[in-house]
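This report concerns only the one structure given below.
Numbering (UniProt numbering), first residue to last: 1 to 164.
Here you go:
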């Protein structure tokens, strides 16, 4: 059945994924995602606001649905059209390696100089005044707290001695 044969009510009752399948079957070729969505938007008479709300979910649904596959460059077709080997070739085209220019090797003296430069930069950062970092407020230990700690420690020590 063709989309042209369907009434407006029937088209509105169909899911976007079902419409996509029908569009691709009629075209008999892979189409760009935006072209598919534009055609569906025309059939369903979406407003611009509706398009914005639905496009992301539609893309997700196409990815999840097992009937569709991308052939690269955002072109979508029916999975049944493509044997597994062809899908791998189109989607995973080999990446061309870039030629790299050979770097000049550094002599041991140049390496040491570069290391010293880096070390010198780190030393400058590490020369912080510890008095600035540790504030008296950070050391709010009261005499009472220390006395309690010492008493608790003495009690534990006595218990250990008694057990022997």
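Don't be surprised by glycine CBs; every beta carbon is placed ideally from N, CA and C. Please read these numbers as outputs of a predicted model, since none were measured by experiment.
**Study point:** Backbone CA spacing between residue 58 and residue 41 [nearest angstrom]
**Key:** 11 Å
Review point. Apart from the five residues just before and just after residue 62, which ones in its own chain have a Cβ nearer than 6 Å to its Cβ?
Key: Cβ neighbours of residue 62 beyond the five flanking positions: 68.
Review point. Distance, Cα to Cα, residue 77 vs residue 50?
Key: Their backbone Cα atoms lie some 24 Å apart in a straight line.
Practice item. Assign residue 11 to one of three DSSP states: helix, strand, or coil. Key: helix
Review point. Just the Cα atoms here: how many angstroms apart are residue 72 and residue 8?
Key: Near 33 Å, if we compare the C-alpha coordinates of residue 8 and residue 72.
Practice item. Going by CA-CA distance only, name the one from 37, 74 and 28 that's closest to residue 15. Key: Nearest of 37, 74 and 28 to residue 15, Cα basis: 37.
Review point. Straight-line CA distance for residue 27 to residue 21?
Key: 10 Å
Point to revise | Reduced DSSP secondary structure (H/G/I, E/B, other) of residue 21 | key: helix
Review point. What do you reckon, is the C-beta of residue 35 under 7 Å from a heavy atom of the ligand ZN?
Key: Ligands are entirely absent from the displayed structure, and the ligand ZN is therefore not among its contents.
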